[in-house]
Each structure stands twice: as C-alpha cells, then as structure tokens.
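Q: According to our numbering, the residues represented by the first sequence are 4 to 776, in order.
Backbone N, C-alpha and C define an ideal beta-carbon position, used for all residues, glycine too.
This is the structure I want to talk about, given as structure tokens.
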Amino acid sequence: MNFNFLNDLNESQRQAVEYIDGASLVIAGAGSGKTRVLTYKIAYLLTKGFPPSSILALTFTNKAAREMKERIAQIVGERTARYLWMGTFHSIFSRILRNEAQYTGYSKNFTIYDSSDSSSLIKSILKERNLDTKVYPPGLIQSRISTAKNNLITPEAYAVNIDFIKNDRQSRIPLLSEIYQTYCNRCKQADAMDFDDLLLQTNVLFRNHPEVLEKYQQLFQFILVDEYQDTNFAQYLIIKKLAEHHERICVVGDDAQSIYSFRGANIDNILQFRNAYHDARIFKLEQNYRSTQTIVNAANSLIDKNRAQIQKTIFSEKEIGHPIKLLSVFTDYEEGMTVAEHILELYASNNYRYADMAVLYRTNAQSRILEETFRKQGIPYRIYGGLSFYQRKEIKDVIAYCRLVCNQNDEEALKRIINFPARGIGETTVGKLVECAQNNNVGIWEVLTNLNKYNVPVNAGTASKLNDFHNMIETFSKEVEIKNAYELAVDIVKNTGLLNEANFDHSTESISRKENIEEFLKAIHEFCENKQEEGESLPILSDFLSDVSLLTDQDTDKDSMSDKVTLMTVHAAKGLEFKAVFIVGMEEELFPSMFRITNERELEEERRLFYVAITRAKERCFISYAKSRFRNGKTNFCTPSRFIKDIDPQFLEFSQEKEPAFQKKKYMNWDDEVENERNRFYSETNEKETYSEAQTTHFAPRKLKKLDQSSDEKIITDNSSFPVGTMVKHQLFGIGKVLETSISNGNEKASIDFGEKGVKSLLLKFAKLEVVK
DNA sequence: GTAAGAAAAATTTTT
DNA sequence: TTTTTCTTAC
Numbered sequence: 004m005n006f007n008f009l010n011d012l013n014e015s016q017r018q019a020v021e022y023i024d025g026a027s028l029v030i031a032g033a034g035s036g037k038t039r040v041l042t043y044k045i046a047y048l049l050t051k052g053f054p055p056s057s058i059l060a061l062t063f064t065n066k067a068a069r070e071m072k073e074r075i076a077q078i079v080g081e082r083t084a085r086y087l088w089m090g091t092f093h094s095i096f097s098r099i100l101r102n103e104a105q106y107t108g109y110s111k112n113f114t115i116y117d118s119s120d121s122s123s124l125i126k127s128i129l130k131e132r133n134l135d136t137k138v139y140p141p142g143l144i145q146s147r148i149s150t151a152k153n154n155l156i157t158p159e160a161y162a163v164n165i166d167f168i169k170n171d172r173q174s175r176i177p178l179l180s181e182i183y184q185t186y187c188n189r190c191k192q193a194d195a196m197d198f199d200d201l202l203l204q205t206n207v208l209f210r211n212h213p214e215v216l217e218k219y220q221q222l223f224q225f226i227l228v229d230e231y232q233d234t235n236f237a238q239y240l241i242i243k244k245l246a247e248h249h250e251r252i253c254v255v256g257d258d259a260q261s262i263y264s265f266r267g268a269n270i271d272n273i274l275q276f277r278n279a280y281h282d283a284r285i286f287k288l289e290q291n292y293r294s295t296q297t298i299v300n301a302a303n304s305l306i307d308k309n310r311a312q313i314q315k316t317i318f319s320e321k322e323i324g325h326p327i328k329l330l331s332v333f334t335d336y337e338e339g340m341t342v343a344e345h346i347l348e349l350y351a352s353n354n355y356r357y358a359d360m361a362v363l364y365r366t367n368a369q370s371r372i373l374e375e376t377f378r379k380q381g382i383p384y385r386i387y388g389g390l391s392f393y394q395r396k397e398i399k400d401v402i403a404y405c406r407l408v409c410n411q412n413d414e415e416a417l418k419r420i421i422n423f424p425a426r427g428i429g430e431t432t433v434g435k436l437v438e439c440a441q442n443n444n445v446g447i448w449e450v451l452t453n454l455n456k457y458n459v460p461v462n463a464g465t466a467s468k469l470n471d472f473h474n475m476i477e478t479f480s481k482e483v484e485i486k487n488a489y490e491l492a493v494d495i496v497k498n499t500g501l502l503n504e505a506n507f508d509h510s511t512e513s514i515s516r517k518e519n520i521e522e523f524l525k526a527i528h529e530f531c532e533n534k535q536e537e538g539e540s541l542p543i544l545s546d547f548l549s550d551v552s553l554l555t556d557q558d559t560d561k562d563s564m565s566d567k568v569t570l571m572t573v574h575a576a577k578g579l580e581f582k583a584v585f586i587v588g589m590e591e592e593l594f595p596s597m598f599r600i601t602n603e604r605e606l607e608e609e610r611r612l613f614y615v616a617i618t619r620a621k622e623r624c625f626i627s628y629a630k631s632r633f634r635n636g637k638t639n640f641c642t643p644s645r646f647i648k649d650i651d652p653q654f655l656e657f658s659q660e661k662e663p664a665f666q667k668k669k670y671m672n673w674d675d676e677v678e679n680e681r682n683r684f685y686s687e688t689n690e691k692e693t694y695s696e697a698q699t700t701h702f703a704p705r706k707l708k709k710l711d712q713s714s715d716e717k718i719i720t721d722n723s724s725f726p727v728g729t730m731v732k733h734q735l736f737g738i739g740k741v742l743e744t745s746i747s748n749g750n751e752k753a754s755i756d757f758g759e760k761g762v763k764s765l766l767l768k769f770a771k772l773e774v775v776k
C-alpha cells in the first residue's frame, strides 16, 4: 500500500482525514476535493487497522458508491475494497433488511415497489373506497405518506396524532390516515416495501430488536456519510443509532448544495450536526480546485443572498478566467441556436471536446428544443434523465413478469401483466378478482389459485384463461430457486410472447423495444457472470431483482466514452463537473420554479440549485434567458430570473451578439431593447418593481401587440368570482384567503394566503379554486 | 372485452 | 406540448 497518499492533501483535507477518534463534520465546498477526502479517509482507516468489513460508507447514488469504491481499490487493492460496506442508503439497508428478514415480518426476497407501483396502489385503494380523485389527489396522498414515512410516523402513530388528523380534516382529506394504514397493509400483504420503507423498516427493526441493532453497532466500527445535507430524518436516525456507542462517524456535505428537500431532505441535519454529536469536530474544505476565480466568486456572491447557511469562505487559486456570459435571447428556439453556436465555437477552438460541455436546465421538458437544434447543427449530445431505461414500458413489463414469478403476492406486478400480452382477462374480471380478494381478506394470487373455493363469478371461458395464466406463472416460479437467473428470464420472455408483442410491426419504435428487451436480458447475463466470478454458483432471479429495483438511469450510461455534449437537469448534475457549462432558461417561474417562489425556504433552495449549476463549471459558464418560451402548449412571455441579479455584476459579461443568420427580421431591433433593459436591470434598486416595470417601460408596446395581443402588464382587477377576502379551497394548499386578483399576460391571477403553506400566486385557469363560506 | 380516437388535464426535481 | 382519462364503435 502506498503510505504517501496523505501528501496529496492540503492542510484542512489532511486534518479531516486524520481525525478518526470521534464524530466529525466535514463541510466540503463545491470542488473542494470531497471525494478525495472520503476515499483517502477510508484508505487511512484501513492502514490504521480497521478491517474493511467494519467500515460503513453511505452515498447518495449508486454511481458515487461505485466510483468511490474504484478509487479506493486503486489505493488499497480490489481484494480489500470489496469487503467495504459501501453503497446507497437504500441498497445497504435493503441488504440488511433481507439478512434480518426473520425479524421484519417481510420475507428475504421482498419486492421493492418503485414510485409508480406506489402510485398505482394508491389509485386502486381510492377506487375501492369510491373516493373521488379530485378530492383525494393520488399525488398528494403519495407525497403525504412519503413525508410521514421519512419522518418515521407509522400509520398507527399517524392515526393518534391530533395535529395530523386536524390538519387532514382542514384539508378536507380526513380519510388520509385510513388510506395510509390500508396502503401499508397492502404493501405488507404483497411482501413489498417502497423506497421509504427501506429506511422506515430499518428503523423499526432497530427499535424492536435491540440485539440486531447491537450487532450492527459492533460491526460498523466507523461510519462515513456522503452528501449529508441531503439526508432525511429516517436516515439521520439510522446513522445516529448505529454510531451511538463509539461515535466514530464522519459526515461530509455542503449545506450550500442541499437541493432535495422535496424528497424529505432536512438541511437542519447538517446545520445542527453539533446538537446530535456534541463533541464533533468541524473541518472546512474551502479551497475550490475545480473552477476559475471568477466562477467561484460569482457563485459566492449568489449564495451569499441566502440566510440559512454555515459560514465559509470558498476560494480558488486558479486563474481569474472568463466572466460568466449572459445570453439574452428572444425565444426558446433562439436560445437553443445560441447555445449551439457557442458550443461549436468552443469546439472549433480545439480546447474543448463535446464531452467537456454540458447544458443544464431546471426541467426535463426543456431538453426537447435543445435536442432539436443540436440535431440540426450536427452536435452530438447525450440526454440524461427523462425516461430511464428501467422505466420503459417494455422493460417494466419484463420486470413485472420476473417480479410476479419471484413473488406471487406482488399485486402491482400481477395487475400490470395479467392481461399483457392480451389474453382476454379484462378490467371487469380483474375487478371481480380484486373484490373477491378484498372480501376474503386474502391476496389476488390466493383467489387465482382457488377460483372455485372463492366462488369468483366468472364464466367457464374466463376461468380457463385465468387458470392458464396462473399455471404459466406457477411453472416459472417453481424454477426460481433452481435455475440460473438469465436462463429463467429468457424462458419468460420467450414463453410469454413479450418479444413478439414488442416487435409487432417493423416501426423504429418497435425495433427499439425489441432491442431494449435484449439489452435487459444482456444485463441479467452480466449480472450472473459477475456473481459467478464472486463465487456464487447459482445466481437466481430474485437476487437480480433486488439489485435492479434500486438502479437508476444514472447507472446505465453505456457510452460515457464517446464525445458528446451532456444535457441534464441541474439536479442530475450535482457532483459532476464540466469545462464549460450552459445554464439555460434562467427565467422567473421556470428557475426559480413558479411553485417555489412564495416560500422563503423553498426559494433559498432554488438559489442553492442555481449555485450547484454554476459551480459545475471549471472554465466557462454561460447563462441564458429567453423573452418568450413555449411551455405547456402555448407561448409564455418571461422575465429574467431574479437570481441573475444576485450575482455580483463584476463577474458577468453581456453578450455582444452579432446578427445571427437565423434571426428573423422582425427581431432586428431586439439588441437595442435588450441593451436598454440591461441598463435598467442593474440600475434598479427596488426589487419588487423591477420586472413588471421593465416590461412595460422597455418593450415598445406596439411591437408586443404585433407578437401577441396580450399585454405583459399586471393589472390589478376586481374579480367578481373571487373578491378580495374570499376564503377559497385549493387541491394542494387547502384553505386560503384571497389577497389580490390581477390580470397579467392575459391570465387571471390571484394571490392567496394559505397560512402555513405561505402566500401563493395562482393562475385561476389552472388552480381549481372553490369558494368556501 | 378491446381498441382507437376524442376530450380533458397537467405541466419540478428522484434514491 | 404530452399524458391521462373518457367515449364510442367494433
């Protein structure tokens, strides 16, 4: 082993690595060598005599875990690195839950429900109870249940909590508590855990079985947690429990990069670390090795506008570099062209390959237009996100078959494929099965196995179809334990006719579906080979399934070698870096998202998201915003994001665009107008007034009329349906009071105070408001 | 019971 | 715009 690796570290990094006697928090600014510290720390622990199997290292993504493992393997060798407990929270604790299945009430091979399984289960529960999905929106229920689980509130605890019950009654969803209970019962019956369960059930396991907890407390001599700012309460408590005795724990994170609160992440975990671990040492990694001084300073000036944060001074000793270039364009289409031009220019300079560049956006929907322009311009690109490989219909179908074969209680899988490929078992029949199952308090599979016993009211033809289906699944399931996963999967795909179904015509889509299935089978094959290399004689299908359900698209980047521009959301870009970064769509209501501008906490998170975006850039950063954007089927007029103003202008450069060839004649005077607006933009001191004023003052009204009949002005109105002071009810936000109604862009808006949920500005045509007396 | 076609609705981030 | 749900005709 190379003992000199500590020399690669700067002073604060080295201190962070060498402190192993107690709890520590490492505040790792963007680009400060966080991964290096983590990997070296693990290597250091190994040299200090900690066996690899006594080190628990938790990451946020599979990719991060894999990369870190590789880097550690380079230092200490693969044979040692292999035994580290390193992975995502979800994968590590699903492993523990499987190992300890005897204590959990679930089987060793429990199924993992993904969010679409959860959602469809919730929908069936609502349907069975005859509840209107307008009163009980499935999405809202799902997120409430998820929040409850993330905060370790079991259905039993929920039912007796007066605050929740009162709150639900106020939101007009008093049955939520019961739905939550039913949801959990049904998951249990299906021998399935959803993502949140993996953390919740781990906590339940540790609470109910101190001897099991004790075992893992002993096992894990040292615990490391990456991306600590993104942990939720369930994760916090698991770590706290595991580290209780020895408190040899090191968490690494950056509060400035906390961007997952919508998933339950609690930034207070990192801000209040000392409350949980009183003697914790705090190390700050403040030198940024990634970006130019300009980029670092610009990002600093931005994040400085947030209130909740840990004091730190991020600095760079790299060159000053180029200013961040603002690209003001008229349309989203033009934005794509401008970005494309810059990409081609950088590429032509020979200093940048395509793979050195990334385009980051707030929402996936923005990728389409970029894709179009890149195709036209012949720029190779790769899109991350959107529909992941495992989310494709044909793949989900194959997985559903595999799931059902491994676990006949998996009702979501069963419902998905009982009539796919079509075999004459329609909705009515499934309805009868479900009803029968409910009445007898058993699972659908049980009913399917004993059609006669349960007197399912179906005719002979249907009964025989049901039996055929039942027998087919049963035949496969008998082979699960004795057959190699790959062989069984091939059997399933062949015998069920899934391949034919996918390839029913010769369209490109059809061929691609077929290829996807083949690709999937190949993945199973690889899985088997890997397992066999590790010495497992018979890798079975259920093993593969427990792996695959925790994989995401990030884990399946096949051609990372090829020279392509990366297109992804800012969220997906966390942890990555590129020589040049284009942040597009920096407009109000898009970035920051319109859903998050009324709540200060959420707005700060949006700002952190922008901070993450900027700090991905090593050398060049471009920020673009369009005046108009095609969104949700129509053209919207946009104003530049308030966040642009948060950046100290000394780090910015405005585009001095020459007339691009593609620019239409009617936009000829645009540059002048933009110039005016820029001046206005920065001389403006009254934040509130800036954008609406700028709009009316600097747009020649005549011109606007030519483009769109509607005006950009915000006009305060007196809406007869919702006069000021009216109490209204909103699906998501509950009861609120109308503060103001207005018309802007021809859209009727209302500003409504929802109390705890904050003041929201809603478009009346979207928000289905009901007046309450 | 099925499939296509029409109408309506929803538009964020994801382990 | 895309996706989901509803309707209608086979």
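Does DSSP put Leu541 in a helix, in a strand, or in coil?
A: Counted from its first residue, the first sequence places residue 541 at position 538. Three-state DSSP puts Leu541 in coil, outside helix and strand.
Q: Within 10 angstroms of its Cβ, does Tyr628 collect 16 or more other Cβ (buried), or is it exposed?
A: Sequence index remark: in the first sequence, residue 628 carries index 625 (1-based). Under this definition Tyr628 is a buried residue.
Q: Helix, strand or coil for Leu810 per DSSP?
A: Since the first and last residues shown for the chain are 4 and 776, residue 810 lies out of range.
Q: DSSP state of Lys308, grouped into three classes?
A: In the first sequence, counting from the first residue as 1, residue 308 sits at position 305. Here Lys308 carries a coil assignment [DSSP, helix/strand/coil].
Q: With distances taken between CB atoms, is the gap from Val587 to Tyr364 smaller than 8 Å?
A: As a working note, residue 587 is residue 584 in the first sequence. As a working note, residue 364 is residue 361 in the first sequence. Contact flag set, yes.
Q: Can you tell me the Cα-Cα spacing of Ser121 and Arg378, whole angstroms?
A: The sequence position of residue 121 within the first sequence is 118, counting from 1. The sequence position of residue 378 within the first sequence is 375, counting from 1. The alpha-carbon atoms of Ser121 and Arg378 are separated by roughly 37 Å.
Q: Can you round the beta-carbon distance between Lys621 and Phe654 to whole angstroms, since I take them to be within the 8 Å contact cut?
A: Your numbering for residue 621 matches position 618 in the first sequence. Your numbering for residue 654 matches position 651 in the first sequence. Lys621 to Phe654, Cβ: 15 Å. No contact.
Q: Any idea what DSSP makes of Asn206, helix, strand or coil?
A: Looking up residue 206 in the first sequence gives position 203. Three-state DSSP puts Asn206 in a helix.
Q: Expressed to the nearest angstrom, what Euclidean distance is found between the alpha-carbon atoms of Ser94 and Leu202?
A: Counting from one through the first sequence, the residue named residue 94 turns up at place 91. Counting from one through the first sequence, the residue named residue 202 turns up at place 199. Computed Cα separation, rounded: 10 Å.
Q: Quick check on this structure: which residue in Ala84, Cys531, His212, Ser119 has the alpha carbon closest to the alpha carbon of Lys396?
A: Position 393 of the first sequence, counted from the first residue, corresponds to residue 396. The shortest Cα separation from Lys396 among Ala84, Cys531, His212, Ser119 belongs to Ser119.
Q: Between the C-alpha atoms of Ile421 and Lys517, what's the straight-line distance to the nearest angstrom?
A: By one-based count along the first sequence, residue 421 stands at place 418. By one-based count along the first sequence, residue 517 stands at place 514. Cα-Cα distance, rounded: 21 Å.
Q: In the DSSP assignment, find the beta strand (DSSP E) that holds Gly32 and state where it starts and stops.
A: Position 29 of the first sequence, counting from 1, holds the residue named residue 32. Premise fails: Gly32 is in no beta strand (DSSP E) and is neither H nor E.
Q: Do Leu155 and Phe236 count as a contact pair if the criterion is CB distance below 8 Å?
A: Walking along the first sequence from the start, residue 236 turns up at place 233. Walking along the first sequence from the start, residue 155 turns up at place 152. Yes. Within cutoff.
Q: Measuring CB atoms only, is the region 239-255 touching the region 212-224, in the sense that at least three cross pairs come out at less than 8 Å?
A: yes
Q: Please identify the residue among Ala358, Leu216, Ala193 whose C-alpha is closest to the C-alpha of Leu417.
A: Working through the first sequence from its first residue, we reach residue 417 at position 414. The residue with the shortest Cα to Cα distance from Leu417 is Ala193.
Q: Starting from Ser110, trace the alpha helix (DSSP H) in both directions and tell me its first and last residue.
A: Looking up residue 110 in the first sequence gives position 107. Element bounds for Ser110: n/a, residue is neither H nor E.
Q: Could you give the residue range of the beta strand (DSSP E) that holds Glu484?
A: In the first sequence, residue 484 corresponds to position 481, counting from 1. Unbroken run through Glu484: none, as it is neither H nor E.
Q: With 16 as the cutoff for other CB atoms within 10 Å, does Tyr116 come out buried or exposed?
A: If you number the first sequence from 1, residue 116 lands on position 113. For Tyr116, the number of other beta carbons within 10 angstroms of its own is at least 16, and it is reported as buried.
Q: Under 8 Å, do Leu208 and Leu100 count as touching if we go by C-beta distance?
A: For the purposes of this step, residue 208 is taken as the residue at position 205 of the first sequence. For the purposes of this step, residue 100 is taken as the residue at position 97 of the first sequence. Yes, Cβ-Cβ distance for Leu208 and Leu100 is below 8 Å.
Q: Where does the unbroken alpha helix (DSSP H) through Arg277 begin, and where does it stop?
A: Stepping through the first sequence from its first residue, residue 277 is reached at position 274. Segment 276-279, the alpha helix (DSSP H) holding Arg277.
Q: Helix, strand or coil: how does DSSP classify Glu591 here?
A: Residue mapping note: residue 591 aligns to position 588 of the first sequence, counting from 1. Of the three classes helix, strand and coil, the one that applies to Glu591 here is coil, per DSSP.
Q: Alpha carbons only, please: which of Ile242, Ser294, Arg293, Ala33 is nearest the one belonging to Lys1?
A: Here the chain comprises residues numbered 4 to 776, so residue 1 is not present and cannot be evaluated.
Q: Nearest by alpha-carbon distance to Glu590: which of Thr107, Leu373, Asp494, Thr334 is it?
A: Position 587 of the first sequence, counted from the start, is the residue given in the question as residue 590. Closest by alpha carbon: Thr334.
Q: Kindly provide the ranges of any alpha helix (DSSP H) runs that are 4 or more residues long and lie completely inside the region 213-251, ordered along the chain.
A: 213-222, 236-245
Q: Grab me the residues of Asn410's own chain with a C-beta within less than 7 Å of its C-beta, minus the 5 sequence neighbours each way, in chain order.
A: The sequence position of residue 410 within the first sequence is 407, counting from 1. For Asn410, where only same-chain residues beyond five positions count, the Cβ hits under 7 Å are Asn112, Thr114, Asp194.
Q: What does Arg634 pair with, by DSSP beta-bridge criteria?
A: Reading the first sequence from its first residue, position 631 is the one you call residue 634. The partner list for Arg634 (beta bridge, DSSP) reads Lys637.
Q: Under 7 Å: does the beta carbon of Leu143 sit that close to some heavy atom of the ligand ADP?
A: Ligands displayed in this structure: none; no statement on the ligand ADP is therefore possible.
Q: If you pair each beta-carbon of the region 66-73 with each one of the region 303-311, do three or more pairs fall below 8 Å?
A: Note that the region 66-73 does not touch the region 303-311; fewer than 3 beta-carbon pairs, one per stretch, sit closer than 8 Å.
Q: For Arg356, count neighbouring C-beta atoms within 10 Å of its own C-beta (all shown protein chains included) and say buried if the count is 16 or more, exposed if not.
A: Taking the first residue of the first sequence as 1, we reach residue 356 at position 353. Arg356 is exposed by the Cβ-count criterion.
Q: At a cut of 8 Å, does the region 640-656 reach the region 317-324 through at least three beta carbon pairs?
A: no
Q: Figure out for me which residue from Phe598, Gly36, Arg419, Ile168 has the closest Cα to the Cα of Ser294.
A: Numbered from 1 along the first sequence, position 291 holds the residue referred to as residue 294. With distances taken between Cα atoms, Ser294 lies closest to Gly36.
Q: Pick out the complete beta strand (DSSP E) segments inside the region 375-405, 3 residues or longer, and give them in chain order.
A: Complete beta strand (DSSP E) runs here, min 3: 384-386.
Q: Do Ile428 and Phe472 have their CB atoms nearer than 8 Å?
A: The residue you call residue 428 lines up with position 425 of the first sequence. The residue you call residue 472 lines up with position 469 of the first sequence. Closer than 8 Å, so yes.
Q: Going by alpha carbons, who is nearest to Val461 out of Gly446, Ala488, Ile485, Glu430?
A: Position 458 of the first sequence, counting from 1, holds the residue named residue 461. Measuring from the Cα of Val461, the nearest candidate turns out to be Glu430.
Q: Label Leu777 either buried or exposed according to how many other C-beta atoms from any shown protein chain fall within 10 Å of its C-beta, with 16 as the threshold for buried.
A: The question about residue 777 has no answer, for the chain in this structure spans 4 to 776.
Q: Does the beta-carbon of Ala575 have 16 or more other beta-carbons within 10 angstroms, so that it is buried, or is it exposed?
A: Start at 1 with the first residue of the first sequence, and residue 575 comes out as number 572. So Ala575 counts as buried.
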